[in-house]
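Below is one structure, written out as structure tokens, with a few remarks after it.
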Amino acid sequence: MAKDMMGKVAIWAFIIGTVIALLVGLWQAYTIEENQQPVFTTDMGGWIAWILAILGAIVGLLAMLGKGTITKAEVPAFLMAGVALLVMYAVFQGFTIDPWIGSLFRGVSQSLAIFIAPAVGILAIKAIWDIGKTAD
């Protein structure tokens, strides 16, 4: 019963985090394109970043404990996809393709990176721990 509940929490945390990240990424793209103050440089943007990071940490912690939606067999694929998203964020920060496409890539990749980074970090530490454990 508890695993089912934790699984549902993990699913909803991932869905809510992804939706928030995509919407905020679009908003970030709009503010960049309109030469307004970017979302993540405002006080509200800071709170949104914290919410995304906490949701990502919840997803990562539940997966680490084996109660989330990411199974032990799926961890390597998740880590690879997460690293790809983080690299995408770094690459797209320099995009200045006009109109809109560069800002869109920058905004969405930034908000997705804020959401995914805690989960990737937690699962990477768990993977390193598992590799370093000695078999008894």
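Just add 65 to wherever you are in the sequence shown, counting from 1, and you've got my numbering. Note that beta-carbon positions come from the ideal geometry of N, C-alpha and C, so glycine has one too.
Residue burial classification, residue i (beta-carbon count within 10 angstroms, cutoff 16)
i, result
"Lys191", "buried"
"Val156", "exposed"
"Leu169", "buried"
"Ile113", "buried"
"Ala75", "buried"
"Gly131", "exposed"
"Val124", "buried"
"Ile196", "exposed"
"Ile80", "exposed"
"Gly133", "buried"
"Gly39", "It is not possible to answer for residue 39, since the shown part of the chain is limited to 66 through 201."
"Gly147", "buried"
7 Å Cβ shell around residue i - same chain, five flanking residues per side excluded
i, result
"Trp153", "In the sequence as presented, Trp is not what sits at residue 153; that position holds Met. Once the five neighbours on either side are set aside, the close Cβ partners of Met153 are Ser174."
"Ala182", "Gly121, Leu151"
"Ala178", "Leu150, Leu151, Tyr154"
"Gly72", "Lys132, Gly133, Thr134"
Cβ of residue i within 7 Å of any chain D Cβ
i, result
"Lys198", "In the displayed structure, chain D is absent; only one protein chain is listed."
8 Å contact criterion, which residue i and residue j should meet: CB distance rounded
i, j, result
"Leu228", "Met145", "Residue 228 is absent from the structure shown; the chain starts at 66 and stops at 201."
"Leu117", "Ala86", "6 Å"
"Phe180", "Thr83", "7 Å"
Close-in-space but distant-in-sequence residues of the same chain around residue i (CB under 8 Å, 5 per side omitted)
i, result
"Arg171", "Gln93, Ala94, Ile97, Phe157, Gln158, Phe160"
"Trp165", "Ala94, Glu98"
"Gln102", "Thr96"
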